[in-house]
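As numbered in UniProt numbering, residues 1 to 638 make up the sequence shown, in order. As structure tokens, the structure follows; a few thoughts come after it.
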Amino acid sequence: MTADVQKETLGFQTEAKQLLHLMIHSLYSNQEIFLRELISNASDAIDKLRFASLSDESLLEGQGDYQIRVDVDKEARTITIADNGIGMNRDEIVEHLGTIAKSGTAAFLENLTGDQQKDSQLIGQFGVGFYSAFIVADRVEVHSRKAGEAPEAGVVWESHGESEFSVESRDKATRGTSITLFLKEGCEEFADDFRVRSVIKKYSDHISVPVMMVKPSMPAAEDEEEQAQEAPEYEAVNEATALWTRSRTEISDDEYKEFYKHVSHDFDEPLTWSHNRVEGKLDYTSLLYLPRRAPFDMWNRDMARGLKLYVQRTFIMDDAEQFLPLYLRFVKGVVDSNDLPLNVSREILQQDASVDSMRSALTKRVLDMLGKLAKKDGDDYATFWKEFGQVLKEGPAEDFANKEKIAKLLRFSTTHTDKEAQDQSLEDYVARMQEGQEKIFYVVAENFNTAKSSPHLEVFRKKGIEVLLLSDRVDDWLMNHLQEFDGKAFQDVARGSLDLGNDSEEDKAEQEKLEKESEALVERMAKVLEDKVAEVRPTARLTESPACLVVGDFDMGAQMKRIMEAAGQPVPESKPILEINPAHPLLTMLDKEQDEDRFADLASVVFDQANLAEGGQLEDPAAYVSTLNKLLLALGGR
Numbered sequence: 001m002t003a004d005v006q007k008e009t010l011g012f013q014t015e016a017k018q019l020l021h022l023m024i025h026s027l028y029s030n031q032e033i034f035l036r037e038l039i040s041n042a043s044d045a046i047d048k049l050r051f052a053s054l055s056d057e058s059l060l061e062g063q064g065d066y067q068i069r070v071d072v073d074k075e076a077r078t079i080t081i082a083d084n085g086i087g088m089n090r091d092e093i094v095e096h097l098g099t100i101a102k103s104g105t106a107a108f109l110e111n112l113t114g115d116q117q118k119d120s121q122l123i124g125q126f127g128v129g130f131y132s133a134f135i136v137a138d139r140v141e142v143h144s145r146k147a148g149e150a151p152e153a154g155v156v157w158e159s160h161g162e163s164e165f166s167v168e169s170r171d172k173a174t175r176g177t178s179i180t181l182f183l184k185e186g187c188e189e190f191a192d193d194f195r196v197r198s199v200i201k202k203y204s205d206h207i208s209v210p211v212m213m214v215k216p217s218m219p220a221a222e223d224e225e226e227q228a229q230e231a232p233e234y235e236a237v238n239e240a241t242a243l244w245t246r247s248r249t250e251i252s253d254d255e256y257k258e259f260y261k262h263v264s265h266d267f268d269e270p271l272t273w274s275h276n277r278v279e280g281k282l283d284y285t286s287l288l289y290l291p292r293r294a295p296f297d298m299w300n301r302d303m304a305r306g307l308k309l310y311v312q313r314t315f316i317m318d319d320a321e322q323f324l325p326l327y328l329r330f331v332k333g334v335v336d337s338n339d340l341p342l343n344v345s346r347e348i349l350q351q352d353a354s355v356d357s358m359r360s361a362l363t364k365r366v367l368d369m370l371g372k373l374a375k376k377d378g379d380d381y382a383t384f385w386k387e388f389g390q391v392l393k394e395g396p397a398e399d400f401a402n403k404e405k406i407a408k409l410l411r412f413s414t415t416h417t418d419k420e421a422q423d424q425s426l427e428d429y430v431a432r433m434q435e436g437q438e439k440i441f442y443v444v445a446e447n448f449n450t451a452k453s454s455p456h457l458e459v460f461r462k463k464g465i466e467v468l469l470l471s472d473r474v475d476d477w478l479m480n481h482l483q484e485f486d487g488k489a490f491q492d493v494a495r496g497s498l499d500l501g502n503d504s505e506e507d508k509a510e511q512e513k514l515e516k517e518s519e520a521l522v523e524r525m526a527k528v529l530e531d532k533v534a535e536v537r538p539t540a541r542l543t544e545s546p547a548c549l550v551v552g553d554f555d556m557g558a559q560m561k562r563i564m565e566a567a568g569q570p571v572p573e574s575k576p577i578l579e580i581n582p583a584h585p586l587l588t589m590l591d592k593e594q595d596e597d598r599f600a601d602l603a604s605v606v607f608d609q610a611n612l613a614e615g616g617q618l619e620d621p622a623a624y625v626s627t628l629n630k631l632l633l634a635l636g637g638r
């Protein structure tokens, strides 16, 4: 029997009107989000009924087969999302659909405690997703009946998304809610079967309830009456299962690899993965992958990055960057939280202690995963390092808490192997340190060959002390933030005074003698080069080269200067220190030179050669060539 029509028109609350306008015109970043929201709400309603039926089985009305149905009508330009969940009565529909940000699920959760709350598996907290329907529809009709109530208790809510809505009674034979969207002009794509299927696969593939659509039509019956009597056959569009929610023992390696390709859009298999479930104060699941190859935009620090975020298997966003730091931007995967706080659009994560806690835990998990890969498979880790090593080197500057963990994962070239391949760890270096050696020595240069041939290494080779060869653009920045490892301080061999830590009394006496004997030469060179250098001093670090440039203890490194200059950034004013090898024949000749003009030319050439040896650029290459030619001609005339 049809219920008496009881239709009334009500107005949205004032603040609801403002929020509704904001949502329709500004809040959501793309139109297709509405389908995710409505399917998610339908899933919520089914979750509520599933929980409520545990204590009152009559609510199921003899039908415990949960599902969501999506129907499209291209001619009528409509799309309908129907569920057989808990449904709403007249009072609830007015309360929940007449007030923005009033969440029935949130209110439901407030009444639960202890294990009930844990077992309810409700998303909750959102409350505004329904109104996303008005992004694509100029009229929305909701037909609902609460489970356990009579068919006559059905109610229809209708609105154009403006200042008011109407409510009237209407029979509904089945429990649950049906939402019909009358699509705006220009939004007809959402009445297309293929388009809607693709959106469901994208956003709702992994919710626990099957989302059903009519099977693609077979050849139609010739008789129209016969065709009308044929019941449509439905099929599930989504997988209705989330791989990451299954036990690790149930998932094969091939399934993990295929899922990686799905979430990353990568054709290669991953290097490794980590699947983990966390329960307790925080309740979430993560499935993290290390790719085999870097994407083309890896060096764009503004690139889209982050994990796919799900809440109770419902897709929220593709690039949730809040869960991992920037230096781990290469990691792919999903994180699924049961109670993560989101803002009203579900698209922007709120700043929350639980987000920070998850970020910290996931960061450590990725670093542990890298540590295991390094120990388990050197070849795979070498592949990782070749692709992502320079990105990982950003870590010590960005993540103080994990600096030691990151340091163990770093790889370098060293004078121990003289290979360009970066395959030596800091632990390897420390294990090979000489007795009495207290520092980890390194040299930074523009490229590997320049680093390997640096004159600063001469005394280290003579004494058999290993030096790290750094030539990546990020290395100078890295070493400014990586002050020590395993209690050993880092020392740039081209910075400050040289202290090998194991000089004998004989070495010290020799240095003092060198300084005394070269006082006059140092004074003459310092006067000639006073505009170019901060100081000239003799050194024992050179055994083959006549001179080298050294950076002051508190000055910016040469490589960092070059990077900042290339980026158009202001560079602090500073002059290098010129260290000379008085025993070198060129310096001996220079010391004996009586012609002050020729002495000045020779001193300038020594300075410029020291600059070139470390990969620097000459301020005036033409002047250098002219001076060198003049000296060669003079030499030829002798």
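Glycine residues also receive a C-beta, built at the ideal position from the N, C-alpha and C atoms.
Between D138 and F130, the alpha-carbon positions lie close to 14 Å from each other.
Between A361 and V263 the beta-carbon gap is near 20 Å, outside 8 Å, which marks them as no contact. Between L328 and T363, the C-beta spacing is below 8 Å. In the DSSP assignment, the residues bridged to C548 are E579. V366 is positioned such that its CB atom lies no closer than 8 Å to that of L410. Taking A600 as the centre and dropping the five residues before and after it, the same chain places the C-beta of V528 closer than 8 Å to its C-beta, in chain order. A distance below 7 Å between beta-carbons, with the five flanking residues on each side excluded, links H160 to the following residues of its chain, in chain order: D138 and R139. Counting only residues of its own chain and dropping the five nearest sequence neighbours on each side, L628 has a CB closer than 7 Å to the CB of V605. For the pair E579 and R524, the CB atoms are not nearer than the 8 Å cut-off.
In this structure, the straight-line span from the alpha carbon of A526 to that of A353 is close to 59 Å. Inclusion of F165 and L10 in the CB contact set at 8 Å is warranted, their separation being smaller than that value.
Below 8 Å, too few C-beta pairs join the stretch 196 to 209 and the stretch 144 to 159 to call them touching: fewer than three.
Looking at K215, L498 and A45, the one whose alpha-carbon comes closest to that of A147 is A45. In this structure V571 is exposed. Its beta-carbon is surrounded by fewer than 16 other beta-carbon atoms within 10 angstroms.
Note that the stretch 44 to 63 touches the stretch 72 to 86; at least 3 beta-carbon pairs, one per stretch, sit closer than 8 Å. Along the length of the stretch 278 to 315, whole beta strand (DSSP E) runs at least 3 residues long occupy 284 to 290 and 307 to 311, reported in chain order. Between L426 and V443, the CB-CB gap reaches or exceeds 8 Å.
In this structure L290 is in contact with L373, their Cβ atoms being roughly 7 Å apart against a cut-off of 8 Å. By the Cβ criterion, the stretch 206 to 218 is in contact with the stretch 237 to 245, since at least three pairs of Cβ atoms, one from each stretch, lie closer than 8 Å.
One Cα belongs to T539, the other to F490, and the distance between them is close to 21 Å. Contact check for K332 against E168 fails: the beta carbons are separated by 8 Å or more. A distance below 7 Å between beta-carbons, with the five flanking residues on each side excluded, links V474 to the following residues of its chain, in chain order: Q390, K393 and E394. Between E544 and the set A623, R461 and I251, the nearest pair of CA atoms involves R461. Boundaries of the beta strand (DSSP E) harbouring Y442: K439 to V444, taken from the DSSP string. Put simply, the backbone Cα of R495 is about 9 Å away from that of F554.
Taking every protein chain shown into account, the CB of W299 has fewer than 16 other CB atoms within 10 angstroms, so this residue is exposed. In this structure, DSSP gives A540 a state outside helix and strand, which the three-state scheme calls coil. In terms of Cα proximity to Y284, the closest of E420, V136 and V355 is V355. Collapsing the DSSP output to three states places S471 in coil.
In this structure, S337 sits near V311, with a CB-CB distance shorter than 8 Å. The three-state reading of DSSP puts H160 in coil, since its state is none of H, G, I, E or B.
Apart from sequence neighbours up to five positions away, the residues of its chain that approach M369 with a beta-carbon distance below 7 Å are T272, S274, L288 and L290, ordered along the chain.
Under the three-state reduction of DSSP, E269 is assigned to coil, being neither helix nor strand. The alpha carbon of P270 has as its nearest neighbour, out of I251, D399 and A294, the alpha carbon of A294.
Here V263 carries a helix assignment [DSSP, helix/strand/coil]. Counting along the chain, Y203 sits inside the alpha helix (DSSP H) bounded by residues D193 to S204.
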